[in-house]
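Each remark here refers to the structure printed beneath this line.
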Amino acid sequence: MSFLEKIVQKDVSEGLSPERLRFRFPPEPNGYLHIGHAKAICVSFGLAGEFGGHCNLRFDDTNPAKEEQRFVDSIQEDVKWLGFEWDQLCFASDYFGQLYDWAVQLIRQGDAYVCDLDGEEVRKHRGTLSEPGVDSPFRTRSVEENLELFAGMRSGEFSDGSRTLRAKIDMQSAHIVMRDPVMYRIQRSHHHRTGDDWCLYPTYDWAHGQGDAIEGVTHSLCSLEFRNHRPLYDWFLQKIGLEEVPSQTEFARLNLQFTVMSKRRLRTLVEDGHVDGWDDPRMPTLAGLRRRGVTPEAIRAFMKTIGVSKVNSMIDLTVLENHIRDHLNKMTQRRMAVLDPVKMVIENFPEDLQEMMEAVNNPEDPDAGMRQIPFEREVWIDRDDFRMDPPRKWRRLAPDAEVRLRYGYCVKVKEVITDPDSGEVTEIRCDYDPETSKGRQPEGRKVRGIIHWVPASCAAKLPVTLYSPLFSIENPDDPPEGQEFTDFIDPGSRVETTAFCEPALAQAAGGDRFQFERVGYFHVDPARSSEESPHFVRIAALRDSWAKKEKNS
RNA sequence: UACCCGGUGGUGUAAUUGGCAACACAACUGGUUUUGGUCCAGUCAUUCGAGGUUCGAGUCCUCGCCGGGUAGCCA
Numbered sequence: 000m001s002f003l004e005k006i007v008q009k010d011v012s013e014g015l016s017p018e019r020l021r022f023r024f025p026p027e028p029n030g031y032l033h034i035g036h037a038k039a040i041c042v043s044f045g046l047a048g049e050f051g052g053h054c055n056l057r058f059d060d061t062n063p064a065k066e067e068q069r070f071v072d073s074i075q076e077d078v079k080w081l082g083f084e085w086d087q088l089c090f091a092s093d094y095f096g097q098l099y100d101w102a103v104q105l106i107r108q109g110d111a112y113v114c115d116l117d118g119e120e121v122r123k124h125r126g127t128l129s130e131p132g133v134d135s136p137f138r139t140r141s142v143e144e145n146l147e148l149f150a151g152m153r154s155g156e157f158s159d160g161s162r163t164l165r166a167k168i169d170m171q172s173a174h175i176v177m178r179d180p181v182m183y184r185i186q187r188s189h190h191h192r193t194g195d196d197w198c199l200y201p202t203y204d205w206a207h208g209q210g211d212a213i214e215g216v217t218h219s220l221c222s223l224e225f226r227n228h229r230p231l232y233d234w235f236l237q238k239i240g241l242e243e244v245p246s247q248t249e250f251a252r253l254n255l256q257f258t259v260m261s262k263r264r265l266r267t268l269v270e271d272g273h274v275d276g277w278d279d280p281r282m283p284t285l286a287g288l289r290r291r292g293v294t295p296e297a298i299r300a301f302m303k304t305i306g307v308s309k310v311n312s313m314i315d316l317t318v319l320e321n322h323i324r325d326h327l328n329k330m331t332q333r334r335m336a337v338l339d340p341v342k343m344v345i346e347n348f349p350e351d352l353q354e355m356m357e358a359v360n361n362p363e364d365p366d367a368g369m370r371q372i373p374f375e376r377e378v379w380i381d382r383d384d385f386r387m388d389p390p391r392k393w394r395r396l397a398p399d400a401e402v403r404l405r406y407g408y409c410v411k412v413k414e415v416i417t418d419p420d421s422g423e424v425t426e427i428r429c430d431y432d433p434e435t436s437k438g439r440q441p442e443g444r445k446v447r448g449i450i451h452w453v454p455a456s457c458a459a460k461l462p463v464t465l466y467s468p469l470f471s472i473e474n475p476d477d478p479p480e481g482q483e484f485t486d487f488i489d490p491g492s493r494v495e496t497t498a499f500c501e502p503a504l505a506q507a508a509g510g511d512r513f514q515f516e517r518v519g520y521f522h523v524d525p526a527r528s529s530e531e532s533p534h535f536v537r538i539a540a541l542r543d544s545w546a547k548k549e550k551n552s
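Residue numbers (numbering that gives the first Met the number 0): 0 to 552.
Written as structure tokens, this is what we have:
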């Protein structure tokens, strides 16, 4: 049980009814959701589901300068895609009126004051990490004067940034957040929901806990860096004097190898053209993962296994990949496709014959049925499956070697034709053994190697994009001294090619997923496919224990 | 060194709350297999250090050491 489950379980066992149990996922609508957000979503929505409580989706839209409606829309789409349903759809901006009234209450109580210091001066008065701050000269204003000035701030009498409303706490506090934090700043920017109704906006600290309280949130979960804000979160709630208050608990955000997670860096990737947009299949955004063909089930299973704690950690990319493969293995139909084709001619196979071979669609799913693939005298095979000088334990093609063409016959190499200039293999000529159909082993010989192929006369030549991790180092979010994270973008992370596919693949529709046998999992990219031609993107390669073995030796 | 949080295998999480350190991933062996995929089996830690309390400590106490966070009118 995670530490969060323990907290909730304790509260429930002490009388908190599941009906009242409530969480919230509170994104700021200033960007696209990424896999780090997915962790937060899975944690809060997951806990709600597990204990029979509720979870809201609340937009923390208190800084109109950075927020946009399109992000509100994309975030909702992404949360739904991940597989969660929120109880209430909320906006911090819906609470602006209530927040204002509560601010007036704090002023009346002597717990807040209008400060005329500008940003620079506030910073100077705040002190440093190891030195206490100094009181603002405006700290001792009368309640009446504060009320009047605050009303003036509201009605637009003062210029942007000229005054703030600050909580009156303790400028000597060891917690910097408690040194009279700003509650309101004057900022004339158009809000995507409230328009120009307001020229002052509440800060995160002033809005967040109050929003939680208004919604009846019981458990407000956030990331570790907000731990220092907890005393302030509690202070505001206590000063307002609410009966039932939410409690904040912090947990570590997700860090994943070979990608960046900060909004600033993701924006740089998009704006400087390093990727093809927020939904580039190499991006860790949910939009990118979706286009890549990753399933929401795989993401949820991933989140479940990595768990949640208060320790900053880095998750191996392979963990995510394994979950992606695991789900795809069960759900995708198999097809054959050759990514780097070389011609094979089966000399003793009749020239005008097309023999239909029966292939299993998905060995993991008997209900997926069978399909037919035409077998002919000439087929395409993968260049990787032939070696002129095979290493030890090589099970594929080589001069004089015999392999099985998957779901077809065993063939034995008779002759290898190479380009006289480059030495590159251009054609492999074989004989087949007619007695080896339907998996029958040839007399007295054991053929271990099995390779994939496609018929040459009717192969569908389809565009494929091979994606691999965008970065070449494990932690691009923390690049080595003196270097930029963009220095580590792998130029080979996207490779455009053409695959020679079994004919049926030409009919694949956007959103379809397949396993290309012995190669990997592929998604028909809805963004780049048309009625006439599907465009495949590689979701993940298959595990390749042979490649690993060969590399190690 | 102002305050806050944390430290369990290569990695990430567990441990009936003081009772045989478990699971997954990675790595390495081997087996099954018409995908070198999947699947199956095996190997891989005396819990940051030193003391203390206790029949018994990953868990409680003390002192260290190490890592992370915090000085936006961002969230």
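Every residue gets a Cβ at the ideal spot worked out from N, C-alpha and C, and that includes glycine. Computed from a predicted model, the values in this text were never measured in an experiment.
Counted within 10 angstroms of its Cβ, other Cβ atoms place residue i as buried (16 or more) or exposed
i, result
"Cys457", "exposed"
"Gly287", "buried"
"Gln506", "exposed"
"Pro454", "buried"
"Asn311", "exposed"
"Trp545", "exposed"
"His189", "exposed"
"Ser317", "The residue asked about is misnamed: residue 317 is Thr in this sequence, not Ser. Answer is exposed; the Cβ neighbour count stays below 16."
"Ala173", "exposed"
"Glu501", "buried"
"Lys548", "exposed"
"Asp530", "Checking the sequence shown, residue 530 turns out to be Glu, not Asp. When all chains shown are included, Glu530 counts as exposed."
"Lys167", "buried"
"Asp278", "buried"
"Thr435", "buried"
"Val269", "buried"
"Thr304", "exposed"
Whole-Å CB distance - residue i paired with residue j, under 8 Å assumed
i, j, result
"Cys409", "Ile345", "Not a contact, Cβ separation roughly 11 Å."
"Arg405", "Ile449", "5 Å"
"Val463", "Phe535", "4 Å"
"Phe521", "Arg537", "6 Å"
"Ile298", "Leu253", "At roughly 11 Å, the Cβ-Cβ gap does not stay under 8 Å, so Ile298 and Leu253 are not in contact."
"Tyr31", "Ser92", "Rounded, the Cβ-Cβ distance is 20 Å, inconsistent with contact."
"Asn145", "Val113", "5 Å"
"Tyr94", "Ile213", "6 Å"
"Ile488", "Leu255", "In fact, because the Cβ distance is near 16 Å, the residues do not count as touching under 8 Å."
"Val142", "Arg21", "Not quite, the Cβ-Cβ distance comes to about 35 Å (not below 8 Å), so this is no contact."
"Ser43", "Arg23", "7 Å"
"Phe137", "Asp115", "5 Å"
"Arg331", "Gln514", "The sequence given here has Thr at residue 331, not Arg. Their Cβ separation, rounded to whole angstroms, is 5 Å, which keeps Thr331 and Gln514 in contact under 8 Å."
"Leu3", "Leu46", "6 Å"
"Ser528", "Arg281", "Actually they are not in contact, since the Cβ atoms of Ser528 and Arg281 sit about 18 Å apart, beyond 8 Å."
Residues that residue i bridges to, as DSSP identifies them
i, result
"Cys221", "Glu249"
"Tyr152", "Per the sequence shown, the amino acid found at residue 152 is Met instead of Tyr. Note: Met152 sits in no beta bridge, so no partner."
"Thr163", "Cys114 and Arg184"
"His33", "Thr284"
"Ala539", "Tyr520"
"Phe90", "Phe58"
"Thr464", "Glu495 and Val536"
"Asp381", "Pro340"
"Pro560", "Because the chain in this structure spans residues 0 to 552, residue 560 falls outside the shown range and cannot be described."
"Tyr200", "Arg184"
"Gln563", "Absent from the model: residue 563. The displayed extent of the chain is 0 to 552, so no value can be given."
"Phe470", "Ile488"
"Arg21", "His53"
"Ile345", "Cys429"
"Leu255", "Ile314"
"Gly194", "His190"
Proximity of residue i and residue j at Cβ, strictly below 7 Å
i, j, result
"Glu553", "Lys411", "Because residue 553 is not part of the residues shown, which for the chain are 0 to 552, the question remains open."
"Gly132", "Arg122", "no"
"Gln186", "Tyr200", "yes"
"Val176", "His228", "yes"
"Arg333", "Glu516", "yes"
"Ala539", "Ile372", "no"
"Ala251", "Ser308", "yes"
"Gly208", "Leu236", "yes"
"Glu357", "Arg376", "no"
Exercise for the section: Ignoring anything shorter than 3 residues or poking outside the region 493-517, list the beta strand (DSSP E) runs there in chain order. Expected result: 493-500 and 512-515
Exercise for the section: Could I get the ranges of all uninterrupted beta strand (DSSP E) runs contained in the region 392-458, with 3 residues as the minimum, in chain order? Expected result: 401-404, 409-417, 424-432 and 452-454
Handout entry: Inside the region 263-330 only - alpha helix (DSSP H) runs reaching at least 4 residues
Key = 285-291, 295-305 and 316-330
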